[in-house]
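Asker: Going by UniProt numbering, 190 is the number at position 190 of the sequence shown; the sequence numbering is gapless.
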Amino acid sequence: MHEDCLGFYELESQHAKHITTVILDVLARCNLNVEACRGQPYDGAATMSGVHGGVVVYIFRRQKKAFFVHCNEHCLDLTLQDLTKVSITISVALNITKDVINFARRSPKRLNIAEKLSFELCITSSQLKPLCPTLWTVRVSFMNSLLANYHLVQFVIQELVEQKGESGIKAADWLNQVENFQSFFGLKLGKFLLNFFLIATESVVNGYS
C-alpha cells in the first residue's frame, strides 16, 4: 500500500454530508474514481464512522466495497492514552503540566514573561508546546519541550505568583506542584515510556505504507 497526501481543505460545515461532498469533489479533481475505493480508515467519531449518518455511510452508498476500518494508528493512540491513565504518577504529571502550559499560552502577557525570562536566563529553547490528548507523536514533543524548559516554567510561575487575583492564586498552587519531585519524576518516566510508544506507532504506520 502506498499513501499520498492530497492536501488540506477548508470545511464550511462539520456535518457528514458536507464532508462527503468535499471528499468526492477532491477525488474528482484528482481524477480518482470512487468506484475503485476499497476501504475507509477513519477515527471513531460519529461524524466520520457513524453507522446511521457518518461519512462512511455516504461513501458506502456509492461503493459497496468501501468498507470501514478503524484507523490503526488512532486505535493505538487511544490504547496508549488509556494505559498512561493506569499510572497515577504519569497521569498527574501530565495534567498538571498541561494546565500550566495552557495557562501560560492563553495570555500574551504571560508568554511575554516567558520570553523575557528565557532571554535573561540564556535559555535557547523556550517554545512551550500544547498537549494533544490522543496524538502521541505530539505528546512526546510536548514532554520534551517541557523538560527542556522546566526551570523556565518554574521561574514564570514564580513571576505569576506575584500577580493579584485568581491568576496569582492558581500560580501559587501550580508552583507547589511543579516543584514537587513526583511531578518531575512523572514527566521523566512518561518521556521514557512514550518514546517506546512512539516507536510502536511509527511501526504501525510504516507497516501499512
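Note that beta-carbon positions come from the ideal geometry of N, C-alpha and C, so glycine has one too. Computed from a predicted structure; not experimentally measured.
1) Would you kindly check if the distance between the Cβ of L175 and the Cβ of I199 is under 7 Å?
2) Under 8 Å, with one C-beta from each stretch per pair, do the region 12-26 and the region 35-43 reach the 3-pair mark?
3) Shorter than 6 Å, the distance from the beta carbon of A46 to the closest heavy atom of the ligand NAD, or not?
4) Alpha carbon to alpha carbon, what distance is there between I90 and D82?
5) On the three-state DSSP scale, how would you describe H18?
6) So, helix, strand or coil for V100, using DSSP?
7) Mapping DSSP to helix, strand and coil, what is Y9?
8) Determine the burial state of L160: buried for a count of at least 16 other Cβ atoms within 10 Å of its Cβ, exposed for fewer.
9) What number of angstroms, rounded off, separates the C-alpha of I123 from the C-alpha of L152?
10) So, with DSSP's three-state summary, where would you put Q63?
11) Quick one: what's got a C-beta closer than 8 Å to H15's C-beta in the same chain, skipping five residues either side?
12) Could you give the distance in angstroms between the alpha-carbon of L187 and the alpha-carbon of A45?
13) Please state whether DSSP places H2 in a helix, a strand or coil.
14) Note the first and the last residue of the continuous alpha helix (DSSP H) segment covering H74.
15) In angstroms with no decimal places, state the Cα-to-Cα distance between G165 and F155.
Answerer: Taking the structure as given:
1) Position 199 of the sequence shown holds residue 199. Position 175 of the sequence shown holds residue 175. No. Outside cutoff.
2) Flag = no, the region 12-26 and the region 35-43 do not touch.
3) The ligand content of the structure shown is nil, which means the ligand NAD is not present either.
4) In the sequence shown, the residue the question calls residue 82 occupies position 82. In the sequence shown, the residue the question calls residue 90 occupies position 90. Looking at the two C-alpha atoms, the distance is approximately 12 Å.
5) For this step, residue 18 is matched to residue 18 along the sequence shown. In the displayed model, H18 falls within a helix according to three-state DSSP.
6) Sequence index remark: in the sequence shown, residue 100 carries index 100 (1-based). V100 falls in the helix class under three-state DSSP.
7) As a position in the sequence shown, residue 9 is number 9, starting the count at 1. Secondary structure at Y9: coil, using DSSP grouped into helix, strand and coil.
8) For the purposes of this step, residue 160 is taken as the residue at position 160 of the sequence shown. By the neighbour-count criterion, in which 16 or more other beta carbons inside 10 Å mark a residue as buried, L160 falls on the buried side.
9) Taking the first residue of the sequence shown as 1, we reach residue 123 at position 123. Taking the first residue of the sequence shown as 1, we reach residue 152 at position 152. Low local confidence applies: a pLDDT of 49 at I123 is under 50, so the model's placement there is unreliable, with the coordinate-based value given in what follows. Distance between the alpha carbons of I123 and L152 is about 8 Å.
10) Indexing the sequence shown from 1 puts residue 63 at position 63. It is coil, neither helix nor strand.
11) Translated into the one-based positions of the sequence shown, residue 15 becomes position 15. Apart from the 5 residues on each side of it in sequence, H15 sits with its Cβ closer than 8 Å to the Cβ of T47 in its chain, given in chain order.
12) Sequence index remark: in the sequence shown, residue 187 carries index 187 (1-based). Sequence index remark: in the sequence shown, residue 45 carries index 45 (1-based). Each residue's Cα considered, the two are about 30 Å apart.
13) Counting from one through the sequence shown, the residue named residue 2 turns up at place 2. Assigned with DSSP and collapsed to three states, H2 falls in coil, not helix or strand.
14) As a working mapping, residue 74 is identified with position 74 in the sequence shown. Per DSSP, H74 is one residue of the alpha helix (DSSP H) stretching across N72 to V86.
15) Start at 1 with the first residue of the sequence shown, and residue 165 comes out as number 165. Start at 1 with the first residue of the sequence shown, and residue 155 comes out as number 155. It is roughly 19 Å from the alpha-carbon of G165 to the alpha-carbon of F155.
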